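Worksheet: one structure, shown below.
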Amino acid sequence: MSIEFHLKNVLLEALASLYNYSATDAEATLQPTRKDMEGDFTVVVFPYTKISKKSPEQTAKEIGEYMKTNLPEITGFEVIKGFLNVKIDTHIWINFLNKTYPNQHFGCPRKGLNDEVYVVEYSSPNTNKPLHLGHIRNNVLGHSLSRIFEANGKKVAKVNLINDRGIHICKSMLAWQRWGNGETPQNSGKKGDHLVGEYYVLFDKEYKKQIAELMADGMKEEEAKKNARLIQEAQEMLRLWEAGDADTIALWKMMNGWVYEGFTQTYTQMGVDFDRFYYESETYTTGKKFVLEALEKNILFQKPDSSIWVDLTDEGLDQKLLLRADGTSVYMTQDLGTAALRHGDYDFHKHVYVVGNEQDYHFVVLKMVLAKIGFKWANYLHHMSYGMVELPEGKMKSREGTVVDADDLMEEMIKTSREISQELGKLDGMSEQEATQLYRMIALGALKYFILKVEPKKNMVFNPRESIDFNGNTGPFIQYAHARIQSVLRKATEQGLHVEGDLPENLVLDKKEINLIRTVRQFTLIVAEAAQNMSPAVIANYLYELVKDYNQFYHDYSILKEEKPELRNFRLRISELVGRVVKHGMYMLGIDVPNRM
RNA sequence: GGACGUAUAGCUCAGCUGGAUAGAGCAACGGCCUUCUAAGCCGUAGGUCUCUGGUUCGAAUCCAGAUACGUUCACCA
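In this note's numbering, the protein residues as written are 100 to 696.
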């Protein structure tokens, strides 16, 4: 039983014995004592003054006395302004270390501890242009969340729904067909997704020109947008695609192939991966069946033009189209279908969609419609809604060319990482290959941490200059702590220092040392909380706290030069444990940590 | 207009289910490397927690309203 359990019990006893009051579990609350105060656990006694009919100070004193005499682990207490701060015998903390040290699973991923399957859909790009900063937040969040679930014992399936069909892809195809002169990634040396993206931009440029011309001839803007030759040709191409026209399909396959090669490179560089890809071209019709069935059962209704709708006015929402008059699917229909398909594939207990908050409404409706149709698992769907990424100058706008390209950004950061590393010159003797790996590790650590430390649902400002900073609350700061710990441990081994067996319980430790143990001990709770809240930021902020504590400890105490062996052993142990927590915590953020930097 | 979200230091962000003097980093200024990695540590300065009211022994935190900003309410995805 944990010390918290015993403390709580004795607190309940105290209330019963002193004031003849049987408190509920919730009324007996315990919190960790603030770092700047003396003590380990704090009881806030204000709520008890009603039953004690005494001042907070007097009540705290009485409860403190009772607890101390009835629980030997309590070595003392202090009352400050109605707060009862209880001090615990150090051997409790040493015990924790002795128990935890051999447990390699402490804070480690505990894959497949139970059989619940969680599906996490993330990334889900369109295939008409390369990935940008917004996608980076999506990918990094989805990847991290998957690992957090795994660490909590879930089986996780990471899935990516590729939006590989539709008018936007046709725009790129049309522009390439018309102005491409047979340009390919091979003959131009361009990355496939970037090349396709260029033609998408080119389409837009030419399309705008046509609109302007039509408007100059007196046409209204709205009409000009519909009547421009280019857009009509793109729509015709989409029709051909849906009809299975061989040439169109061939062109589509070729250009999508280029994009996939590009995406694969970007994903590899980013360090994210997937268990399964779904393609919209293969699934976009699957929802239709369910819609028609539901119509039979009168769950949905049909308008005179024969389009099919769901009525959500009773739920306080609008009517929503599910099938067009010509029988083709819309976005909602497709998502209904893929959700059902996935449930068939995985029989999931939770299905998380990592999708931006501009689609909040869509997912509310999706869940409602699935429930209405009669799928009990509709409740298992969860939209992990995250905020937009903005630049210091404001929103990213593709039209104004302010979009930060994912590949460019990563490359830029790796370059900076190399420059700073070489300037610091700590990598002498490291092979070129190792060093190159390290630059990437640091750059990606900086980028991912910068994004993940912010609460997902909040919009965030991405300042390229600050993200590339490697000091303060950053990924490299945490990576650096890991490298220093490993360096100490290496030296210990070189000097033949091995810590064996348990640490003696009667060690005398300083406040900062105990504090470090307490912070390490929290890790398990943090991992659970991160999964509960679906927030990698919980882990990021915890790791920062931990590393700050460790850096202080590292600065204030000698480890290898400590002369008392048992104290030196303790410091080596706690260092190793902090190192492990950092490594596993960073793993959950999708960030690697180096042994040297 | 309806719905949803956000508002904390000059900037970027923490602040758990209400608890002690509201915390970090960056930027500014000052100190610490003959000692385990200074990508580090310590210090100074910086606040009407958007505003108003309510609940409470106690509110940045909960509730109501106001204001500002963002998103959304497409036969786009």
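For each residue, glycine too, the CB sits at the ideal point set by N, CA and C. From a predicted model like this one, the values you see are computed outputs, not experimental measurements.
By DSSP, does residue i sit in helix, in strand, or in coil?
i       : result
Arg-441 : helix
Thr-573 : coil
Val-502 : coil
Tyr-377 : strand
Asp-410 : strand
Glu-554 : coil
Asn-169 : helix
Val-607 : coil
Gln-130 : strand
Ile-584 : helix
Ser-222 : coil
Phe-140 : strand
Lys-257 : strand
His-231 : strand
Glu-489 : strand
Thr-427 : coil
Phe-462 : helix
Gly-595 : coil
Asn-213 : coil
Phe-474 : coil
Going by C-alpha distance, which of the options is nearest residue i?
i       : options                            : result
Ile-162 : Glu-112, Ser-520, Val-371, Glu-137 : Glu-112
Val-646 : Asp-691, Leu-523, Asn-572          : Asn-572
Pro-171 : Arg-375, Met-483, Ala-534, His-190 : His-190
Lys-552 : Arg-236, Asn-262, Lys-682, Gln-458 : Arg-236
His-482 : Leu-523, Met-696, Ala-438          : Ala-438
Gly-288 : Gln-334, His-231, Lys-324, Trp-357 : Trp-357
Ala-582 : Leu-526, Pro-603, Tyr-656          : Leu-526
Lys-304 : Leu-273, Phe-569, Ala-629, Thr-427 : Leu-273
Val-239 : Lys-253, Leu-676, Asn-225, Phe-373 : Phe-373
Ala-580 : Pro-603, Leu-546, Gln-651          : Gln-651
Leu-117 : Glu-662, Lys-514, Lys-149          : Lys-149
Leu-399 : Val-144, Ala-470, Tyr-460          : Ala-470
Glu-215 : Asp-446, Arg-617, Gln-203          : Asp-446
Thr-367 : Ala-505, Glu-126, Glu-164, Ile-613 : Ala-505
Thr-363 : Asn-227, Glu-593, Asp-292          : Asp-292
Asp-135 : His-683, Lys-611, Thr-283          : Lys-611
Trp-275 : Pro-201, Ala-250, Leu-350          : Leu-350
His-105 : Phe-140, Asn-197, Val-218          : Phe-140
Ala-393 : Thr-432, Val-142, Arg-667          : Thr-432
Thr-199 : Val-607, Asp-609, Asn-632, Gly-600 : Gly-600
Lys-186 : Glu-177, Met-696, Asn-194          : Glu-177
Ile-193 : Pro-693, Glu-661, Leu-615          : Leu-615
Asn-259 : Ile-266, Asn-280, Thr-226, Gln-285 : Thr-226
Gly-361 : Glu-312, Tyr-430, Gly-296, Asp-346 : Gly-296
Thr-123 : Gln-130, Arg-133, Lys-107          : Lys-107
Look at residue i and residue j and say whether their C-beta atoms are less than 8 angstroms apart.
i       : j       : result
Asp-417 : Leu-411 : yes
Leu-339 : Tyr-306 : no
Ile-247 : Pro-635 : yes
Glu-395 : Met-467 : no
Ile-690 : Tyr-643 : no
Arg-672 : Leu-602 : yes
Tyr-378 : Ile-268 : no
Ile-310 : Ala-327 : yes
Met-509 : Ala-534 : no
Val-453 : Gly-241 : yes
Ala-629 : Val-619 : no
Val-451 : Leu-421 : no
Val-218 : Ala-256 : yes
Arg-670 : Tyr-656 : yes
Met-354 : Ser-222 : no
Leu-465 : Met-512 : no
Check for me: the beta strand (DSSP E) holding residue i runs from which residue to which?
i       : result
Gly-317 : That residue, Gly-317, is in no beta strand (DSSP E); it is neither H nor E in DSSP.
Lys-352 : First-last for Lys-352: 345-369, but that is the alpha helix (DSSP H), not the beta strand (DSSP E).
Asn-184 : 182-187
Phe-622 : Segment 622-632 is the alpha helix (DSSP H) holding Phe-622; no beta strand (DSSP E) there.
Leu-106 : Taken as a continuous stretch (DSSP letters only), Leu-106 belongs to no beta strand (DSSP E), being part of the alpha helix (DSSP H) at 102-118.
Gln-203 : It is not in any beta strand (DSSP E) - Gln-203 carries neither H nor E in the DSSP assignment.
His-448 : Careful: His-448 lies outside any beta strand (DSSP E) and carries neither H nor E.
Leu-421 : 418-422
At which residues does the alpha helix (DSSP H) containing residue i begin and terminate?
i       : result
Ser-287 : 284-287
Phe-484 : Residue 484 is actually Ser in this sequence, not Phe. Where Ser-484 is concerned, there is no enclosing alpha helix (DSSP H), although the beta strand (DSSP E) it sits in stretches over 480-485.
His-683 : 664-687
Lys-270 : 266-278
Would you say residue i touches the ligand GTP, meaning its beta carbon is less than 7 angstroms from a heavy atom?
i       : result
Gly-370 : What this structure holds is no ligand at all, so the ligand GTP is not there to describe.
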